[in-house]
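Notes to accompany the following structure.
Residue numbers (full-length UniProt numbering): 1 to 323.
In structure tokens form, the structure reads like this:
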């Protein structure tokens, strides 16, 4: 498959440690809803660099595929007990006895880990995945069909919607491992549940039931384990069949990249509305409402985004000033 091309089938697309599925899986052709499935059940779907690269490839492909309108991210576990156990620590090696001034060589390392690169070049793999999800032009619904800790939960914070199992537990356990927040979670977590709860979660580093008041607001819905994926697919189908892709993406950016004052929000919203009122999706939205039928939206970001979008300065991660 050449760069810029899309596969004739995602079900047969081979990406290590994940798999993709049409909806329904038996469909021989690409469907409007695609499932991205973490596929290391024997290792509790633990997160690796290989998995990260596969997820980034998948979301970049789906983002630019006009046949796809929504994506569901979930984990492979027939018992619905584990979504993702966090970073795979199985290949940790012991520290060597180098002097303290050579501290870059005394830390625990993982074979072929990117932090063996220079400090300036290193970017955490969870963050690269979170950005791929965040920048995906299609809404992503995360279906946590089991427990998730560390990067297992933080990578889902970039999704538009999260559905969790009533039996799931989640943990932001970084303080108990001697590390810090990753996967852009220092941005997403306080925006989703507020600073007070975010500080509590990362300070204590505990593991909590999905229904616990500290984490409950992370999830749009908490349902029985056997219903998680099905419910996430239902939401994805509703979005794919009833919502303008342009509207959904632009409003996500208005919330996460919007103005920081009421006046700024008013100015931005006015510019966005001015352009969308003249768009084909608005025409179809009004027409379908009057005709009492489902809309058939055809707009896309390349052709139909409001002229003000993007209103922020795009930056490649490696262009961010070095700290």
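The beta-carbon is built from N, C-alpha and C at its ideal position, and this holds for glycine as well.
- The continuous stretches of alpha helix (DSSP H) do not include residue 298, and DSSP gives it neither H nor E.
- In the displayed model, residue 274 falls within a helix according to three-state DSSP.
- Under the three-state reduction of DSSP, residue 221 is assigned to strand.
- The Cβ atoms of residue 211 and residue 183 lie no closer than 7 angstroms to each other.
- With contacts defined by Cβ atoms closer than 7 angstroms, residue 260 and residue 279 do not form a contacting pair.
- If you draw a straight line from the Cα of residue 296 to the Cα of residue 31, it is about 16 angstroms long.
- Contact check for residue 152 and residue 85: beta-carbon distance about 6 angstroms, within the 8 angstroms limit, so the pair qualifies.
- The Cβ atoms of residue 257 and residue 312 lie closer than 7 angstroms to each other.
- Secondary structure at residue 47: strand, using DSSP grouped into helix, strand and coil.
- Per the coordinates, the alpha-carbon of residue 121 lies some 47 angstroms from the alpha-carbon of residue 283.
- Short of 7 angstroms from the beta carbon of residue 218, and not among the five residues preceding or following it, lie these beta carbons of its own chain, in chain order: 162, 192, 193.
- For residue 241, the enclosing alpha helix (DSSP H) begins and ends at 228-242.
- Assignment of beta-bridge partners to residue 84 by DSSP yields 148.
- 83 is the residue among 83, 235, 135 whose C-alpha sits nearest the C-alpha of residue 46.
- Scanning its chain for C-beta atoms nearer than 8 angstroms, with the 5 sequence neighbours on each side dropped, one finds around residue 130 the residues 154, 155, 157, 158, 183, 184, 185, 188, in chain order.
- Cβ-Cβ distances below 7 angstroms link residue 220 to 161, 162, 163 in the same chain, with the five nearest sequence neighbours on each side left out; the list follows chain order.
- Setting aside the 5 residues that flank it on each side, residue 166 is surrounded in the same chain by 210, 211, 222, 223, 224, 225, each with a C-beta closer than 8 angstroms to its C-beta; the list follows chain order.
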